[in-house]
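2 protein chains.
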Amino acid sequence: MIERHFTKLRMRDDISREEENALRAAIDGTISFPPDRIVLHAGRELTHSTLLLDGIACRYKDLRGGERQVTGLHLPGDFLDLHGFTLKRLDQHVATLTACTFATVPHTALTAITERLPHLTRAYWFETNLDAAIHREWEVSLGRRTARGRLAHLFCELQVRLEVVGLAEADGYALPLTQSDLAECMGLTTVHTNRTLRELRTAGLVEFRDGRVTILDLAGLRQAADFDPAYLYLEKRAR
Amino acid sequence: MIERHFTKLRMRDDISREEENALRAAIDGTISFPPDRIVLHAGRELTHSTLLLDGIACRYKDLRGGERQVTGLHLPGDFLDLHGFTLKRLDQHVATLTACTFATVPHTALTAITERLPHLTRAYWFETNLDAAIHREWEVSLGRRTARGRLAHLFCELQVRLEVVGLAEADGYALPLTQSDLAECMGLTTVHTNRTLRELRTAGLVEFRDGRVTILDLAGLRQAADFDPAYLYLEKRAR
DNA sequence: CGAAAGTTTGAATGTGCTCAACAGCTGTGG
DNA sequence: CCACAGCTGTTGAGCACATTCAAACTTTCG
Numbered sequence: 001m002i003e004r005h006f007t008k009l010r011m012r013d014d015i016s017r018e019e020e021n022a023l024r025a026a027i028d029g030t031i032s033f034p035p036d037r038i039v040l041h042a043g044r045e046l047t048h049s050t051l052l053l054d055g056i057a058c059r060y061k062d063l064r065g066g067e068r069q070v071t072g073l074h075l076p077g078d079f080l081d082l083h084g085f086t087l088k089r090l091d092q093h094v095a096t097l098t099a100c101t102f103a104t105v106p107h108t109a110l111t112a113i114t115e116r117l118p119h120l121t122r123a124y125w126f127e128t129n130l131d132a133a134i135h136r137e138w139e140v141s142l143g144r145r146t147a148r149g150r151l152a153h154l155f156c157e158l159q160v161r162l163e164v165v166g167l168a169e170a171d172g173y174a175l176p177l178t179q180s181d182l183a184e185c186m187g188l189t190t191v192h193t194n195r196t197l198r199e200l201r202t203a204g205l206v207e208f209r210d211g212r213v214t215i216l217d218l219a220g221l222r223q224a225a226d227f228d229p230a231y232l233y234l235e236k237r238a239r
Numbered sequence: 001m002i003e004r005h006f007t008k009l010r011m012r013d014d015i016s017r018e019e020e021n022a023l024r025a026a027i028d029g030t031i032s033f034p035p036d037r038i039v040l041h042a043g044r045e046l047t048h049s050t051l052l053l054d055g056i057a058c059r060y061k062d063l064r065g066g067e068r069q070v071t072g073l074h075l076p077g078d079f080l081d082l083h084g085f086t087l088k089r090l091d092q093h094v095a096t097l098t099a100c101t102f103a104t105v106p107h108t109a110l111t112a113i114t115e116r117l118p119h120l121t122r123a124y125w126f127e128t129n130l131d132a133a134i135h136r137e138w139e140v141s142l143g144r145r146t147a148r149g150r151l152a153h154l155f156c157e158l159q160v161r162l163e164v165v166g167l168a169e170a171d172g173y174a175l176p177l178t179q180s181d182l183a184e185c186m187g188l189t190t191v192h193t194n195r196t197l198r199e200l201r202t203a204g205l206v207e208f209r210d211g212r213v214t215i216l217d218l219a220g221l222r223q224a225a226d227f228d229p230a231y232l233y234l235e236k237r238a239r
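Chains as they are written, first to last, in the UniProt record's numbering: chain P, 1 to 239; chain R, 1 to 239.
Quick look at the structure:
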């Protein structure tokens, strides 16, 4: 399942066999978690970074009032906390949304990579910068898009990101989340998310049912979302 | 003025003279811009990264409807586009809000740093991860905080970030922005921002007038904002 | 001095929230 | 096998925070 990670890396850069092997050798274990468990606590000191092999996880923050804001979704092939390598502790929790499997990589091994493999270091630096680009786009959604636009945008984003790791078909993808999960991502209430999903469905744009997103009209959906995939950096950079 | 940059770096890590000199030597020019100019266009290929020496700049995205969402503020000592070193183009524009002075650093020099100075590389990787942490906290504000909480939180954040580079006193700081600038940061209209600022002022928490933020009641402001500075990573990490 | 930008206020409107109730489904235990 | 709890999804009614539109006022600056 770790193939997805290298597929994702190679979508943006040329990764040599040596570099791939360095990361493979750095993995010191795999773990599985059931749904809805905190994997990494904010504030706790980190010694490893964690690579998501399978399942869906999220970054989030709880507020005083009990509301939760999810600030990012992690898909198979993503590091959950590569930023934790330099930050040394997280500012937000990371939790599973579905059952997940992870590989762990000790920070000592990542340090060794930065000492010996500068190109791979830059590729991993890129990965954290890509995460940040997604955070920026979510800021735009949360700050300026309507509920309809936000959800449409999220469905467009996930379609592209899942396609990169071979987990989406042209007409949709598995997304075993609840309506509340989507609400917590997009800064909405569950009730309003439910109504907005109905609106998108009756508009013939997208359907979210039984843990699956079915895209009914991709062009229309992207139009409704004002979606431009440039922030996902799908092109390969020159080595 | 570049001292502010090293002050900021050294708040989180030990930077040697050699490392400092490597970055100083990498600077190949300085530029000044008047207020409200685009400094870096989204999508354009980058060959340099740009360090803000003085003034305030922002990252932002324009939407179809003409609204603007600012996704981050840059203060003196910050790189505007260190993420651009690995991304090679930006996903959002960077513009000045006030008159600004910048130093430019060619990507070739940054590549050389990643080849020769792995510890400094990690320190700069940290800087981009800190930017991302701020993006995440803004997502929380935009997604879940009320107008009052958002503005209070922004004032708290800027107080800490400006203090780091010696640009804030205990009771406030210069912030030569307009109410619309604040509105564009916090996903609000100018009108509602105006009313909310009045509310914060009459509540005796904070005053924003004549390009200056005066903190009237720091504890009360932080309480209103639900502010926890942990995401700003103010502590030093072990080398 | 006049124009432009920024700030302030009022009134009406609307998007999304709160509160509440209920239906459907799954898993559990008596 | 049924009763029941718990979670998810759905719908309705009323409300509130923030927006829109409009106008007036203040400050800045050429």
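The C-beta atom is built at its ideal place from N, Cα and C for all residues, glycine as well.
Alpha carbon to alpha carbon, how far is R:Glu-184 from R:His-153? Give it in angstroms, no decimals. Computed Cα separation, rounded: 15 Å.
Unbroken beta strand (DSSP E) run spanning R:Thr-30, endpoints: First-last of the beta strand (DSSP E) with R:Thr-30: 29-33.
Buried versus exposed, by CB contacts within 10 Å (16 or more), R:Ala-147: Classification of R:Ala-147: buried, given that the 10 Å Cβ count is 16 or more.
Between the alpha carbons of P:Arg-4 and P:Pro-76, how many angstroms are there, rounded? When rounded, the distance between both Cα atoms is 7 Å.
From P:Gln-92 to R:His-83, what distance separates their C-alpha atoms? Distance from the CA of P:Gln-92 to the CA of R:His-83, rounded to the nearest whole angstrom, comes to 21 Å.
Residue-level contact to chain R via CB, P:Gln-159, 8 Å cutoff: By this cut-off, P:Gln-159 is not an interface position.
Neighbouring residues, chain P, relative to R:His-83 (Cβ below 8 Å): Neighbours of R:His-83 in chain P, taken as residues whose beta carbon is under 8 Å from its own, are Asn-129, Ala-132, Ala-133 in chain order.
For chain P, is any of its Cβ atoms less than 8 Å away from the one on R:Glu-169? Not one chain P Cβ lies under 8 Å of R:Glu-169.
Apart from the five residues just before and just after R:Thr-196, which ones in its own chain have a Cβ nearer than 7 Å to its Cβ? Sequence-distant Cβ neighbours of R:Thr-196 in its own chain, meaning closer than 7 Å and more than five residues away, are Ala-147, Arg-148, Leu-151.
In angstroms with no decimal places, state the Cα-to-Cα distance between R:Glu-139 and P:Trp-138. CA-to-CA, the gap between R:Glu-139 and P:Trp-138 works out to about 7 Å.
Span separating the alpha-carbon of P:Leu-221 from that of R:Arg-10: Answer to the nearest angstrom: the Cα atoms are 47 Å apart.
Beta strand (DSSP E) runs wholly inside the segment 174-222 of chain R, at least 3 long, in chain order: Those beta strand (DSSP E) runs which fall completely within the segment 174-222 of chain R and span 3+ residues are 206-209, 212-215.
Please work out which residues of its chain come closer than 7 Å, Cβ to Cβ, to R:Ala-123, disregarding the five sequence neighbours upstream and downstream, and give them in chain order. These residues qualify, in order along the chain: Leu-9, Asp-13, Ile-15.
Going by CA-CA distance only, name the one from P:Ala-133, P:Leu-142, P:Glu-157 that's closest to R:Leu-90. The shortest Cα separation from R:Leu-90 among P:Ala-133, P:Leu-142, P:Glu-157 belongs to P:Ala-133.
Keeping to the same chain, check which residues put their C-beta closer than 8 Å to that of R:Val-105; ignore five residues upstream and five downstream. When the five nearest sequence neighbours on each side are left out, the beta carbons in the same chain lying within less than 8 Å of the beta carbon of R:Val-105 are those of Leu-23, Ala-26, Ile-27, Asp-28, His-48, Ser-49, Thr-50, Leu-51, in order along the chain.
In terms of DSSP beta bridges, what is P:Val-70 paired with? Answer is P:Tyr-60, bridged to P:Val-70.
Assigned secondary structure, P:Val-105 (DSSP; H/G/I helix, E/B strand, else coil): For P:Val-105, the secondary structure class from DSSP, reduced to helix, strand or coil, is strand.
Using a Cβ-Cβ distance under 8 Å, would P:Ala-230 count as near chain R? At least one C-beta of chain R is nearer than 8 Å to the C-beta of P:Ala-230.
Which of helix, strand or coil does DSSP assign to R:Thr-96? Three-state DSSP puts R:Thr-96 in a strand.
Would you mind telling me which residues of chain R sit closer than 8 Å to P:Glu-20, beta carbon to beta carbon, in chain order? From the beta-carbon of P:Glu-20, no residue of chain R is found nearer than 8 Å; the closest lies around 19 Å away.
Where R:Val-165 falls: helix, strand or coil (DSSP): R:Val-165 falls in the coil class under three-state DSSP.
Return the first residue and the last residue of the beta strand (DSSP E) that R:Ser-49 is part of. Taken as a continuous stretch (DSSP letters only), the beta strand (DSSP E) holding R:Ser-49 covers 48-54.
My output table needs one value for R:Phe-79: the three-state DSSP class, helix, strand or coil. Three-state result, R:Phe-79: strand.
Measuring CB to CB, does P:His-119 end up less than 8 Å from P:Phe-85? Against a cut-off of 8 Å, the Cβ pair of P:Phe-85 and P:His-119 comes out as no contact.
Counting C-beta neighbours from all protein chains within 10 Å, is the total for P:Glu-18 16 or more, i.e. buried, or is it exposed? A residue is called buried once 16 or more other Cβ atoms fall within 10 Å of its Cβ, and P:Glu-18, having fewer, is exposed.
Return the chain-ordered list of same chain residues with a C-beta closer than 6 Å to the C-beta of R:Ser-141, the five sequence neighbours on each side being excluded. Take R:Ser-141, set aside five residues on each side of it, and the residues of its chain with a beta-carbon closer than 6 Å to its own are Arg-150, His-153, in chain order.
Start-to-end residues for the alpha helix (DSSP H) that takes in P:Ile-134: Bounds of the alpha helix (DSSP H) holding P:Ile-134 are 118-144.
Can you round the beta-carbon distance between P:Gly-55 and P:Thr-96 to whole angstroms, since I take them to be within the 8 Å contact cut? With a beta-carbon spacing of about 6 Å, P:Gly-55 and P:Thr-96 fall inside the 8 Å limit used to define contacts.
In chain P, which residues lie less than 7 Å from R:Phe-6 when you measure between Cβ atoms? By Cβ distance, chain P contributes nothing, its closest Cβ being about 18 Å from R:Phe-6, past 7 Å.
With a Cβ-Cβ cutoff of 8 Å, do P:Cys-100 and P:Ser-32 count as a contact? If you check the CB distance, P:Cys-100 and P:Ser-32 come in under 8 Å.
Straight-line Cα distance separating R:Ala-225 from R:His-135: Those two C-alpha atoms are separated by around 16 Å.
Using a C-beta cutoff of 8 Å, does R:Gly-187 count as contacting chain P? By this cut-off, R:Gly-187 is an interface position.
Taking the straight line between their C-alpha atoms, what separation do you get for P:Leu-73 and P:Ile-113? A direct Cα-Cα distance of roughly 26 Å separates P:Leu-73 from P:Ile-113.
Rounded to the nearest angstrom, what separates R:Tyr-231 and P:Asn-21 at their Cα positions? The straight-line gap from Cα to Cα measures roughly 34 Å.
Less than 8 Å between the CB atoms is what I'm expecting for P:Val-165 and P:Val-94, so what's the real figure, rounded? The pair is not a contact, with the Cβ atoms about 19 Å apart (cut-off 8 Å).
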